[in-house]
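Residue numbers (full-length UniProt numbering): 1 to 540. By construction, the Cβ of each residue, glycine as well, lies at the ideal position given by its N, Cα and C atoms. What follows is a set of notes on a single structure, which appears directly below.
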């Protein structure tokens with residue numbers, strides 16, 4: 001039987017408290033109540049404690065009962081300390097690929113946040129009907145802007161929201177963004193393959209002029225993104241609104257059509273007007289709707305999750321970020337054989353040679369990143385955390401994940417502790433999913449919606465998917481529980497050889513009471529997508 005620990009996490013070991021200093025005999029509160037003849041001589045002071053205790057029985061019968069009582073207390077205390085000493089290192093015992101963790105009582109708020117903590121805010125970024133639009137006609141705006149939304153589905157979603165906001169800042173017409181093929185995703189999805197274009201344009205008609213394609217009068221369409229005369233480059237990350245007014249607007253007015261490149265995270269949060277941030281929320285939570293067939297399939301998957309026990313049951317959605325690429329990019333150290341570690345080192349050296357260098361610095365880097373909570377949680381670690389929170393073996397869990405690094409062996413501790421673990425491929429038939437396989441982003445959209453509809457959402461590492469889900473669930477009402485594990489604290493706990501199960505459970509529960517998607521005040525440089533509270537929600 002082995003213990004679930006990271007031997008490399010010794011930085012998190014708790015220091016033991018030093019023993020209390022013993023008072024000198026003269027200052028002992030017991031001495032005044034004892035006959036003066038019992039005061040120890042200088043010679044007796046070197047004798048062991050049991051000498052005095054035995055003398056209590058023989059020299060003074062009055063202390064017989066008190067001494068017996070004291071011995072009993074010391075005996076019980078010793079047994080307790082010995083029990084803790086031998087049992088503390090074992091959070092969960094590992095038997096082959098199976099983890100055995102003690103049972104934890106379920107809390108009343110296991111499946112939702114307390115009502116008293118979630119009723120003070122309501123969403124208020126929706127469109128106000130009946131408003132008379134003050135937008136100029138398409139040909140009377142300052143010009144047209146065009147962007148390529150790069151990356152995966154969620155990065156593209158953020159880029160689209162930002163494009164609408166920049167069009168508003170510039171009083172420009174937005175050409176429907178193109179979803180650019182990504183080197184990793186290798187997907188040719190178009191905007192209309194994933195989102196409802198008519199709803200998108202109509203919902204924002206009072207805010208921004210949006211057209212489906214480049215105007216016909218602009219004949220040289222290949223010039224966009226290829227000619228420096230038609231492209232605004234070097235936009236800084238998280239640029240303020242004023243940057244676009246000073247640097248982009250003059251070129252849009254001059255050329256009438258300009259492409260913005262690159263356009264990932266090129267608009268800030270706390271350096272733009274509040275109404276612009278509210279508009280971004282309007283796009284994200286109201287205007288961007290997936291196609292009806294994607295919505296219907298996601299509803300079906302969520303319904304199947306809620307009825308897997310034969311009657312209505314809650315379900316958890318787990319976003320498990322432990323793909324080979326994520327493990328490699330993290331440059332963290334994980335449990336594995338020497339062969340696995342050697343292959344991962346070669347993979348990192350090939351994919352990220354500048355960061356890898358000669359590899360000599362990576363061990364210290366891995367320790368530092370784990371201490372700071374910047375490493376993805378392993379499936380086994382997730383299992384222990386969920387059990388400590390009180391989730392029982394019968395919990396129904398939907399897993400949104402790519403191919404987990406290490407395969408079934410890596411997933412075994414999680415799957416054995418929570419056997420009701422399923423993916424969309426296990427919930428739906430091959431025929432049902434075949435219609436979505438031609439676009440990778442359609443499959444990602446299914447995961448997004450099933451996670452969004454879950455009773456509890458659990459993230460295991462950062463990324464756009466997780467923060468968009470958490471933000472949307474906050475916007476829908478803070479009652480929906482969205483757990484963001486404190487990976488720094490968990491790393492210290494997993495590496496502490498003196499922490500017992502009860503202490504670990506207490507740490508997990510107390511720490512995560514405020515990490516479940518509750519209302520949270522915004523702060524400078526906050527992330528709008530994860531916390532839409534101030535600009536997009538109003539006091540109830």
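(request) Check the DSSP bridge columns for residue 417 and list the partner residues they point to. (result) As computed with DSSP, residue 417 is found in no beta bridge at all.
(request) Return the CA-CA distance between residue 434 and residue 258, expressed in angstroms with no decimal places. (result) About 38 Å.
(request) Check whether the Cβ atoms of residue 411 and residue 404 sit closer than 8 Å, and answer yes or no. (result) Cβ distance < 8 Å, so residue 411 and residue 404 count as in contact.
(message) Quick test of your reading: residue 194 and residue 464, contact by CB under 8 Å. State the CB separation rounded to the nearest angstrom.
(response) Actually they are not in contact, since the Cβ atoms of residue 194 and residue 464 sit about 15 Å apart, beyond 8 Å.
(request) Evaluate residue 72 with the Cβ neighbour count: other Cβ atoms within 10 Å of its Cβ, from every protein chain shown; 16 or more gives buried, anything less gives exposed. (result) Burial call: exposed.
(request) Leaving aside the five residues before and after residue 348 along the sequence, list all residues of the same chain whose C-beta is less than 6 Å from its C-beta, in chain order. (result) Here the set comprises 328 and 356.
(message) Can you check which of these residues, 406, 169, 226 and 314, is closest to residue 453 by C-alpha distance?
(response) When only C-alpha atoms are compared, the closest one is 314.
(request) Using the Cα positions of residue 362 and residue 487, report the straight-line distance between them to the nearest angstrom. (result) Between residue 362 and residue 487, the C-alpha separation is close to 20 Å.
(request) With residue 146 as the anchor, note down where its beta strand (DSSP E) starts and where it stops. (result) Where residue 146 is concerned, the enclosing beta strand (DSSP E) starts and stops at 144–149.
(message) Can you tell me where the alpha helix (DSSP H) holding residue 344 begins and where it ends?
(response) 338–351 is the extent of the alpha helix (DSSP H) around residue 344.
(request) State the CB to CB distance for the pair residue 122 and residue 537, rounded to an integer number of angstroms; the pair is presumed to be in contact (CB under 8 Å). (result) Residue 122 to residue 537, Cβ: 6 Å. Contact.
(request) Whole angstroms is fine: what's the gap from residue 275's alpha carbon to residue 367's? (result) So the alpha carbons of these two residues sit roughly 43 Å apart.
(message) Quick check: what's the CA-CA separation for residue 530 versus residue 446?
(response) Whole-angstrom Cα-Cα distance: 20 Å.
(message) Please classify residue 540 as buried or exposed, where buried requires at least 16 other C-beta atoms within 10 Å of its C-beta.
(response) Under this definition residue 540 is an exposed residue.
(request) Would you mind sorting residue 230 into buried or exposed? The rule is 16 or more other CB atoms within 10 Å of its CB. (result) So residue 230 ends up on the buried side.
(message) Can you confirm whether the segment 124–131 touches the segment 154–170 when touching is taken to mean that 3 or more C-beta pairs between the two stretches lie within less than 8 Å?
(response) The segment 154–170, when compared against the segment 124–131, does not touch it at the 8 Å Cβ threshold.
(message) Can you tell me whether residue 499 is helix, strand or coil according to DSSP?
(response) Reduced to three states, the DSSP call for residue 499 is coil.
(request) Ignoring anything shorter than 3 residues or poking outside the segment 241–267, list the beta strand (DSSP E) runs there in chain order. (result) DSSP runs (the beta strand (DSSP E)) wholly in the segment 241–267: 257–260.
(request) Out of 438, 451, 459 and 500, point me to the one whose CA is closest to residue 190's CA. (result) The closest CA to that of residue 190, considering only 438, 451, 459 and 500, is found on 438.
(request) Inspect the beta-carbon positions of residue 98 and residue 387 and report whether they are closer than 8 Å. (result) No; because the gap between Cβ atoms is not below 8 Å, this pair is not in contact.
(message) Please identify the residue among 444, 148 and 205 whose C-alpha is closest to the C-alpha of residue 131.
(response) Sorting 444, 148 and 205 by C-alpha distance to the C-alpha of residue 131 places 205 at the top.
(request) Would you check if there are 3 or more beta carbon pairs closer than 8 Å linking the segment 264–273 to the segment 390–401? (result) As far as the Cβ criterion goes, the segment 264–273 does not touch the segment 390–401, which means the pair count is below three.
(message) In the DSSP output, which residue or residues are listed as bridge partners for residue 112?
(response) BP columns for residue 112 are empty, so no partner.
(request) State the Cα-Cα distance for the pair residue 238 and residue 161, rounded to the nearest angstrom. (result) Rounded to whole angstroms, residue 238 to residue 161 spans 14 Å at the Cα level.
(message) Using 8 Å as the threshold, is the C-beta distance between residue 373 and residue 491 below it?
(response) Less than 8 Å divides the Cβ of residue 373 from the Cβ of residue 491.
(request) For residue 323, collect the residues of the same chain with a Cβ closer than 8 Å to its Cβ; drop the 5 residues on either side in sequence, then sort them by chain order. (result) Once the five neighbours on either side are set aside, the close Cβ partners of residue 323 are 401, 402, 403, 404 and 405.
(message) With three or more C-beta pairs closer than 8 Å as the rule, is the segment 165–179 touching the segment 238–251?
(response) Touching, yes, given that three or more Cβ pairs across the two stretches are closer than 8 Å.
(message) With the cut-off set at 8 Å, would you say residue 318 and residue 164 are in Cβ contact?
(response) No, the Cβ-Cβ distance between residue 318 and residue 164 is not below 8 Å.
(message) With a threshold of 8 Å, are at least 3 pairs of Cβ atoms found where one atom belongs to the segment 505–516 and the other to the segment 141–152?
(response) They do not touch, by the three-pair rule.
(request) Would you list the one or two residues that DSSP bridges to residue 195? (result) Residue 195 is bridged by DSSP to 290.
(request) Using alpha carbons as the reference points, say which of 113, 174, 192 and 399 lies closest to residue 291. (result) Nearest C-alpha to residue 291: 192.
(message) According to DSSP, is residue 483 part of a helix, a strand, or is it coil?
(response) Residue 483: strand per DSSP, three-state reduction.
(request) Identify whether residue 436 lies in helix, strand or coil by the three-state DSSP scheme. (result) Residue 436: coil per DSSP, three-state reduction.
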